[in-house]
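Those protein sequence lines, which keep their order, are chains A and B. Throughout the first sequence, residue numbering follows my numbering, covering 1 to 191 in sequence. Throughout the second sequence, residue numbering follows my numbering, covering 192 to 546 in sequence.
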Amino acid sequence: MNVAVTTQPKRKPSFSDWLKTLTFYELLVGMKATLTHLLNYKPITLQYPHEKRLLPDNYRGMLALLRYDDGTEKCVGCDLCEAACPSRVIRVVSGEVPGEPTKRYSKEYYMDMTRCLFCGLCVDACPVDALGMTREFEWAVYDKRQLHLNKQQLLAIGDRSFPVREKRLELQHPNVAFFNVTFKHLPQKEN
Amino acid sequence: MEIGLRLAVSLAQIAAVMGVVMLTVMVLTLAERKVLGWMQDRMGPMEVGPYGVLQPIADGLKLFFKEDIIPAGANKFLFTLAPILALVPAMIGFAVIPFGPSLTIELFGMQIKPFVISDINIGILYILAFASIGAYGIILGGWSSNSKYSLLGGLRSAAQVISYELNVGLAIVGVILLSGSLSLVKITEAQAGGFWNWFVIAMPFPQIFAFVVYVISSVAETNRVPFDLPEAESELVAGFFTEYSGMRFAFFFIAEYANMILVSCVAAALFLGGWNAPYPGTILGHIGLDSLAWIENVVWFAAKVYFFLFLFFWLRATLPRLRYDQLMRFGWKVMLPIALGNIVLTAIAAYFFPR
C-alpha cells in the first residue's frame, strides 16, 4: 500500500488560535471534561471483597477431580491429562484396581498449582470427564506449598464445587464416550 | 502579669489557628483522593469508616507508628532538619492571614484582634520570605538523602521554586501598588464593599493577569500537578522525599498541604477580597445582628479558600505533567513578562487614578 506521508504545512496562527492560546482554551476543555465526570458521578468500581462480579459461564478457575454419583472416583489413571498439560502441573501415578485387573485408577494424583496457567487442556484431554474447572479463584495463600495439591484435596474441591454428580458411564446413554467400562450386555473377551 | 496574659492569649490564638490548619490538612488528604476518584469515575477510599471518612486518621496512625529509617550515607543532621525546615515555614505564614473582620475586642484590659494572630505591617513580605525558606527544606532533604532520585528531585525543586517564587512576588506587586500597604489586613480592608472592589477586577486597573500568574505560579511553587516535577512519581520514584519514612515523611506531606492552604489564603486575601462578602456589608449586619456578622465573613473566607483548594484538585485530575524545559520556558518567558508588564501598567494606572 502506498501511504502518502503528508506534513501539515505550517500555517500562520490565526486570530482565533491566538485567542485560544491566550485564554487557555485547550486546558478549559479538559477541565470541563473532568468537571462533567464529577457532576455525573457514576463509579464503575466494584468494592471487591464486599461485592463480586458475576463470573461468565465458561470461567476457568481452580481445577478439581470429580466423582460419580455413587461416590467412586471418575479418574482412570490414563495419564492423558499429564501429557496434555503444557506446564507440567499434573503428576499421575496409575495403578490397577485391586482385584479387577481390567480396571485402572490413579493411585496418586498431584497438581502443582503454582505453575498452572488455567488453559483447560487437561479438562479437554480427559476421556472420562474426571477433571473439572470450578469457579473458585480466591486461592491466595501465605505459603506456596499449600498450592501443591494431592488427590484428596482435589477431590474435596470437586465435592464442594460440583454437588450434582454424573451417573456411571454404563448407566448413561450408550452413545457417550466409554473407556475402561465393562458392558454387561456385551460378551466378555476370553483370554 | 500583663505580658504573661498577652502571651497566653497569643498562644491560644496560635493553637486555634494551628488546629484549624491541621484539621484542614486532614480533610484535604481525604478530599483530594475523593475528588480525584469522582473525576475519574472511581470511588476513592471507601474502607475505613462510612464512605472512607476516617481514612486520614488511619493514615496518620500508620505514619506515626512506622519505622523511621535514615539511609546509610545520609547526612543525619540535615536529613533530620529538612522536614522541619519544610513544615515550619508552611505553618508560620498563617500568623499574618486575616481569617475574619478586623474588629478589636477588649479582654482583661487588652486590645485583642481575634481573627489575625499578628497584624504586622509587612505581612505579605513575611509570607514570601518564609516561603523561600521552605525551598531549603526540599533541597536539603533531597541532597542529604544520599539517593540519586532525591537529589534530582531536590535540584528540580530548587530551580522551579526559585523561578516561580519570582513570579508570585511580581504578581503581588500590582495589588500592593493599588492598596498601598503590605499588611494583609489593610489589603483586605481596601477591597470592602462588593465584588467590584476586589482587586481581581477592581478599577483603575484590574489585576486579572496578575491573578492568573499568581494562581499558576502558586501551583508550581507548591509542587503540585501539573508542575510536580520535583516529585514526579513516574520518573523519580517520589522525588525529594523518596528516602523518607514515618513521621519525617508525614512532615513533608503536611507541609505540602499546609502550603496549599497558605497560597489559597493569600490568593483569597489579595485578589478575591479576603473575608469580604461579594455584596456591600453582610446580610447578618443588615438585618441587625452586627455581633454575628463575623460568622458570615469567616464563611466567605473559607469558601474562597476552599474554591482554590478545589482548583488544585481539579487541575491535578485534568492536566499532565509539563516537561522540564517547558516548565522553565513558561516561567521565565511567559509568566515573568506578563507579571512585569502588569506592574508597569498598574503603576501608571495607580498614578493617574489614585484610589
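A virtual CB, placed ideally from N, CA and C, is assigned to each residue, including glycine.
Item	Value
Buried versus exposed, by CB contacts within 10 Å (16 or more), Gln351 (chain B)	buried
CB contact flag (Leu420 (chain B), Gly325 (chain B), <9 Å)	no
is_contact[Gln231 (chain B), chain A] using C-beta, thresh 9 Å	yes
Per-residue burial, Leu54 (chain A) [other beta carbons within 10 Å of its own, 16 or more giving buried]	exposed
Residues bridged to Gln302 (chain B) [DSSP beta-bridge criterion]	B:Glu297
Span of the alpha helix (DSSP H), counted from its first residue to its last, around Arg11 (chain A)	From DSSP, Arg11 (chain A) is part of no alpha helix (DSSP H); its letter is neither H nor E.
Cα-Cα separation between Cys81 (chain A) and Tyr448 (chain B), rounded to whole angstroms	59 Å
Interface flag, Met234 (chain B) vs chain A, CB-CB below 9 Å	yes
Sequence-distant residues of its chain with Cβ nearer than 7 Å to Met111 (chain A) (five each side left out)	Leu63, Val89, Ile90, Leu149 and Leu154
Proximity below 9 Å, CB of Phe321 (chain B) to CB of Ile288 (chain B)	no
Contacts of Met237 (chain B) in chain A (Cβ-Cβ under 7 Å)	Gln47
7 Å Cβ cut-off: residues of chain A touching Ala508 (chain B)	Thr34
Beta bridge counterpart(s) of Leu149 (chain A) as assigned by DSSP	A:Met111
9 Å Cβ cutoff, Pro41 (chain A) in contact with chain B	Rather than Pro, the amino acid found at residue 41 (chain A) in this sequence is Tyr. Chain B contact via Cβ: present.
C-beta atoms of Leu66 (chain A) and Leu131 (chain A) nearer than 9 Å	yes
Integer-rounded CB distance, given that Leu500 (chain B) should sit under 8 Å from Ile445 (chain B)	Not a contact, Cβ separation roughly 15 Å.
Residues near Ala84 (chain A) by beta carbon distance below 8 Å, same chain, minus five either side	Leu121, Cys122, Asp124 and Ala125
Interface partners of Trp505 (chain B) on chain A, CB under 9 Å	Met31, Thr34, Leu35 and Leu38
Helix, strand or coil at Leu117 (chain A) according to DSSP, with G and I counted as helix	coil
Selected residue, minimal CA-CA separation from Pro417 (chain B), among B:Ala277, B:Phe256 and B:Gln517	B:Gln517
Asn467 (chain B) classed as buried or exposed, judged by whether at least 16 other C-beta atoms fall within 10 angstroms	buried
Pro262 (chain B) versus Trp334 (chain B) - alpha carbon distance	12 Å
Contacting residues, own chain, Cβ-Cβ under 6 Å from Met237 (chain B) (five flanking each side not counted)	Gly243
Proximal residues to Glu223 (chain B) (C-beta, below 7 Å), its chain only, five neighbours per side dropped	Phe504
Outcome for Thr220 (chain B) when other beta-carbon atoms lying within 10 angstroms are tallied against a minimum of 16	buried
Residues of its chain near Glu434 (chain B), where Cβ-Cβ distance is below 6 Å and the 5 sequence neighbours each way are ignored	Pro262, Ser336, Ser338 and Ser341
Assigned secondary structure, Glu380 (chain B) (DSSP; H/G/I helix, E/B strand, else coil)	helix
Interface flag, Val143 (chain B) vs chain A, CB-CB below 9 Å	No answer is possible for residue 143 (chain B): the residues shown for chain B start at 192 and end at 546.
Host beta strand (DSSP E) of Ile44 (chain A) (start-end)	Neither: Ile44 (chain A) is in no beta strand (DSSP E) and is coded neither H nor E.
Distance between Ala249 (chain B) and Pro545 (chain B) (C-alpha atoms, nearest Å)	54 Å
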